[in-house]
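Following: one structure in structure tokens, then a few remarks.
Number of protein chains: 2
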Amino acid sequence: MRKNFLFMDTITNKVDTKGRVSLPSDYRTIVKDLSTEIVCYRSLFSPCIEGCTEELLDKLANDIENSLDFFSQTQDTLTNLIFGDAKRFPFDSTGRIMLSEKLLKHASISNTAVFVGKGRKFQIWNPQNWAKEEARLRNEVLKNRPSLKYEGERYD
Amino acid sequence: MRKNFLFMDTITNKVDTKGRVSLPSDYRTIVKDLSTEIVCYRSLFSPCIEGCTEELLDKLANDIENSLDFFSQTQDTLTNLIFGDAKRFPFDSTGRIMLSEKLLKHASISNTAVFVGKGRKFQIWNPQNWAKEEARLRNEVLKNRPSLKYEGERYD
DNA sequence: TCTCAATATATGGTATATCATGGGATTTTT
DNA sequence: AAAAATCCCATGATATACCATATATTGAGA
Numbered sequence: 001m002r003k004n005f006l007f008m009d010t011i012t013n014k015v016d017t018k019g020r021v022s023l024p025s026d027y028r029t030i031v032k033d034l035s036t037e038i039v040c041y042r043s044l045f046s047p048c049i050e051g052c053t054e055e056l057l058d059k060l061a062n063d064i065e066n067s068l069d070f071f072s073q074t075q076d077t078l079t080n081l082i083f084g085d086a087k088r089f090p091f092d093s094t095g096r097i098m099l100s101e102k103l104l105k106h107a108s109i110s111n112t113a114v115f116v117g118k119g120r121k122f123q124i125w126n127p128q129n130w131a132k133e134e135a136r137l138r139n140e141v142l143k144n145r146p147s148l149k150y151e152g153e154r155y156d
Numbered sequence: 001m002r003k004n005f006l007f008m009d010t011i012t013n014k015v016d017t018k019g020r021v022s023l024p025s026d027y028r029t030i031v032k033d034l035s036t037e038i039v040c041y042r043s044l045f046s047p048c049i050e051g052c053t054e055e056l057l058d059k060l061a062n063d064i065e066n067s068l069d070f071f072s073q074t075q076d077t078l079t080n081l082i083f084g085d086a087k088r089f090p091f092d093s094t095g096r097i098m099l100s101e102k103l104l105k106h107a108s109i110s111n112t113a114v115f116v117g118k119g120r121k122f123q124i125w126n127p128q129n130w131a132k133e134e135a136r137l138r139n140e141v142l143k144n145r146p147s148l149k150y151e152g153e154r155y156d
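Residue numbers (the working numbering), protein chains in the order written: chain A, 1 to 156; chain B, 1 to 156.
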């Protein structure tokens with residue numbers, strides 16, 4: 001897995017009538033040396049779209065493949081949901097992608113989309129929903145400061 | 001195993017009176033440099049058709065052959081069933097395949113087929129059945145959030 | 001610190017290419 | 001000879017590529 005690339009910052013862009021949005025240029029440069037597309041899917045737990053490089057999903061596919069769990073049930077469930085939903089979104093020379101109806105609906109996005117960096121991934125939110133969610137998250141963190149455990153290999 | 005090919009997304013295509021279906025173009029490009037056919041077989045656990053590249057089945061055969069795994073006996077049985085059922089389905093210049101009666105019946109497909117990406121594999125469902133199955137899976141995931149953790153990365 | 005020019009990025013609109021699908025012609029199978 | 005499978009062409013819908021304009025960001029000079 002390539003290191004030193006992180007989706008960061010929060011950027012607000014317009015969605016036109018055809019569903020086109022400019023992918024923030026910072027995000028584009030992350031992918032550029034590999035390809036000209038990004039992968040998006042409906043978040044399983046939030047009303048937003050999630051995005052990442054195909055590289056990340058490819059790694060997931062590999063790990064599953066090599067775990068000798070070709071027939072495992074849990075793998076089955078999750079791979080169905082993630083790969084079944086994920087789709088490549090190529091961006092043209094002007095840097096736009098065309099989000100599908102399904103994705104836009106899931107995130108309640110119509111005119112405006114907010115890109116929120118999340119490290120190896122990013123999310124796309126409806127502006128109002130993101131404002132609320134961010135407030136909620138900040139509040140939660142203040143209340144019970146969670147530990148960022150490194151031994152357990154969880155960084156989220 | 002070749003990198004960077006993933007069956008993704010969910011695509012709905014028609015099955016015409018002759019039994020022809022367009023293999024989604026994204027799926028075709030995955031196979032194109034190798035061949036012009038895809039392998040399909042009846043899913044062992046769901047009322048759907050499964051598809052993959054011949055390459056993947058080849059890898060499966062190899063893995064079983066070289067496995068010292070204690071449970072490989074079970075894997076062996078399952079593999080037998082798959083190889084007994086699997087068949088190559090060539091697609092023509094317009095990208096269509098003709099699924100067999102046996103497969104269509106197993107998945108209860110008549111007019112419409114839904115292609116569901118699954119990483120290195122994909123599935124073909126009856127539309128109603130897939131809708132139900134997807135709902136079920138999403139529900140299950142929401143109830144008891146399983147972790148898809150591999151070497152510190154989270155994919156969900 | 002401010003202003004203005006230069007550059008990069010975002011957005012709107014239009015032309016072009018691609019894909020799914022229907023139908024007919026040709027070949028193969030039984 | 002009949003049935004089935006394969007191939008090939010035509011078409012409408014839709015996504016993609018491209019060009020043009022607007023907006024924002026950056027940097028230099030005062």
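Note that CB positions come from ideal geometry on N, CA and C, so glycine has one too.
Self-check item: Test: valine 141 of chain B CB closer than 7 angstroms to a CB of chain A
Solution: In the second sequence, counting from the first residue as 1, residue 141 of chain B sits at position 141. For valine 141 of chain B, the answer is yes, since a Cβ of chain A falls inside 7 angstroms of its Cβ.
Quiz item: Taking Cβ positions, are phenylalanine 7 of chain A and phenylalanine 122 of chain A nearer each other than 7 angstroms?
Solution: Counting from 1 along the first sequence, the entry for residue 7 of chain A is found at position 7. Counting from 1 along the first sequence, the entry for residue 122 of chain A is found at position 122. Yes, they are a contact pair.
Exercise. Check arginine 20 of chain B in the structure and name its three-state DSSP category.
Key: Residue mapping note: residue 20 of chain B aligns to position 20 of the second sequence, counting from 1. Residue state, collapsed to three classes: strand.
Quiz item: Which residues of chain A have a Cβ atom closer than 7 angstroms to the Cβ of aspartate 9 of chain B, listed in chain order?
Solution: For the purposes of this step, residue 9 of chain B is taken as the residue at position 9 of the second sequence. The answer, in chain order, is Ala86 and Lys87.
Quiz item: Closest by CA to serine 110 of chain A, which one among A:Thr17, A:Asp9 and A:Thr12?
Solution: In the first sequence, counting from the first residue as 1, residue 110 of chain A sits at position 110. Here the closest residue by C-alpha is A:Thr17.
Exercise. Check each candidate in A:Asp26, A:Pro127, A:Thr36 and A:Ile64 and name the one with the smallest Cα separation from isoleucine 49 of chain A.
Key: For the purposes of this step, residue 49 of chain A is identified with residue 49 of the first sequence, where counting begins at 1. That would be A:Pro127, whose Cα lies nearest to the Cα of isoleucine 49 of chain A.
Quiz item: When the Cβ atoms of the region 86-93 of chain B are set against those of the region 33-40 of chain B, are three or more pairs found closer than 8 angstroms?
Solution: yes
Quiz item: For the region 90-123 of chain A, which segments carrying the alpha helix (DSSP H) assignment without a break, of at least 4 residues, lie completely within its bounds, in sequence order?
Solution: 101-106
Quiz item: How long is the line joining the alpha carbons of leucine 68 of chain A and asparagine 139 of chain A, rounded to whole angstroms?
Solution: Translated into the one-based positions of the first sequence, residue 68 of chain A becomes position 68. Translated into the one-based positions of the first sequence, residue 139 of chain A becomes position 139. Per-residue confidence for leucine 68 of chain A stands at a pLDDT of 49, beneath the threshold of 50, marking its modelled position as unreliable; no derived number is given.
Exercise. Name the residue from B:Met98, B:Ser93, B:Ala131 and B:Glu65 whose alpha carbon lies nearest to the alpha carbon of threonine 36 of chain B.
Key: Mapped onto the second sequence, residue 36 of chain B falls at position 36. Ranking B:Met98, B:Ser93, B:Ala131 and B:Glu65 by Cα distance to threonine 36 of chain B puts B:Ser93 first.
Exercise. Note down, in chain order, every chain A residue with its Cβ under 7 angstroms from the Cβ of lysine 118 of chain B.
Key: Residue mapping note: residue 118 of chain B aligns to position 118 of the second sequence, counting from 1. Simply Thr79, Asn80, Phe83 and Gly84.
Quiz prompt | Cutoff 7 angstroms: leucine 99 of chain B Cβ touching any chain A Cβ | solution = Position 99 of the second sequence holds residue 99 of chain B. Taking Cβ atoms only, chain A never reaches closer than 7 angstroms to leucine 99 of chain B, which makes this a no.
Quiz item: Quick one: which chain B residues come within Cβ less than 8 angstroms of isoleucine 49 of chain A?
Solution: Taking the first sequence and counting its residues from 1, the one referred to as residue 49 of chain A is at position 49. Under the 8 angstroms cutoff, chain B gives no residues; its nearest Cβ is about 14 angstroms from isoleucine 49 of chain A.
Exercise. Could you tell me which of B:Gly95, B:Ala131 and B:Leu34 sits nearest to valine 116 of chain B, measuring between CA atoms?
Key: For the purposes of this step, residue 116 of chain B is taken as residue 116 along the second sequence, with counting starting at 1. Residue B:Ala131 is the option with its Cα nearest to valine 116 of chain B.
Practice problem: Please name the residue or residues paired with tryptophan 125 of chain A in a DSSP beta bridge. | Solution: For the purposes of this step, residue 125 of chain A is taken as residue 125 along the first sequence, with counting starting at 1. Answer is A:Val114, bridged to tryptophan 125 of chain A.
Quiz item: What does arginine 138 of chain B reach in chain A if we use C-beta pairs closer than 8 angstroms?
Solution: Mapped onto the second sequence, residue 138 of chain B falls at position 138. Those are Leu44 and Leu81, listed as they occur along chain A.
Self-check item: Extent of the continuous beta strand (DSSP E) run through threonine 10 of chain B
Solution: If you number the second sequence from 1, residue 10 of chain B lands on position 10. Taken as a continuous stretch (DSSP letters only), the beta strand (DSSP E) holding threonine 10 of chain B covers 10-14.
Quiz prompt | Proximity winner among A:Val114, A:Leu137 and A:Asn144, relative to aspartate 12 of chain A (alpha-carbon distances) | solution = For the purposes of this step, residue 12 of chain A is identified with residue 12 of the first sequence, where counting begins at 1. Reading off the sequence, residue 12 of chain A comes out as threonine, not aspartate. Nearest option by C-alpha distance: A:Val114.
Quiz item: Taking Cβ positions only, does leucine 6 of chain B come closer than 7 angstroms to chain A?
Solution: As a working note, residue 6 of chain B is residue 6 in the second sequence. Closer than 7 angstroms to some Cβ of chain A, the Cβ of leucine 6 of chain B qualifies, so yes.
Practice problem: Identify every residue that forms a DSSP beta bridge with arginine 88 of chain A. | Solution: As a working note, residue 88 of chain A is residue 88 in the first sequence. Paired residues: A:Val39.
Practice problem: Might you give, ordered along the chain, the residues of its own chain that have their beta carbon closer than 8 angstroms to the beta carbon of isoleucine 207 of chain B, omitting 5 neighbours on each side? | Solution: Because residue 207 of chain B is not part of the residues shown, which for chain B are 1 to 156, the question remains open.
Practice problem: Specify the secondary structure class of phenylalanine 83 of chain A as computed by DSSP and reduced to three states. | Solution: Sequence index remark: in the first sequence, residue 83 of chain A carries index 83 (1-based). Correct three-state label for phenylalanine 83 of chain A: helix.
Quiz item: In chain B, which residues lie with their C-beta within 9 angstroms of the C-beta of leucine 23 of chain A?
Solution: Here the question's residue 23 of chain A lines up with position 23 in the first sequence. Those within 9 angstroms of leucine 23 of chain A in chain B number zero; the least Cβ separation is about 18 angstroms.
Quiz item: Does alanine 61 of chain A have its Cβ less than 7 angstroms from a Cβ in chain B?
Solution: As a working note, residue 61 of chain A is residue 61 in the first sequence. Yes, alanine 61 of chain A counts as interfacial toward chain B.
Self-check item: Contact under 7 angstroms by Cβ, leucine 23 of chain B with glycine 95 of chain B
Solution: The residue labelled residue 23 of chain B in the question sits at position 23 within the second sequence. The residue labelled residue 95 of chain B in the question sits at position 95 within the second sequence. A contact, by the Cβ cut-off of 7 angstroms.
Exercise. May I have the straight-line CA-CA distance separating isoleucine 124 of chain A from arginine 20 of chain B, to the nearest angstrom?
Key: Here residue 124 of chain A is taken as the residue at index 124 of the first sequence, counted from 1. Here residue 20 of chain B is taken as the residue at index 20 of the second sequence, counted from 1. Their Cα atoms are separated by approximately 38 angstroms.
Quiz item: Measuring CA to CA, which of A:Glu133, A:Asn144 and A:Ile30 is closest to proline 47 of chain A?
Solution: Looking up residue 47 of chain A in the first sequence gives position 47. The residue with the shortest Cα to Cα distance from proline 47 of chain A is A:Glu133.
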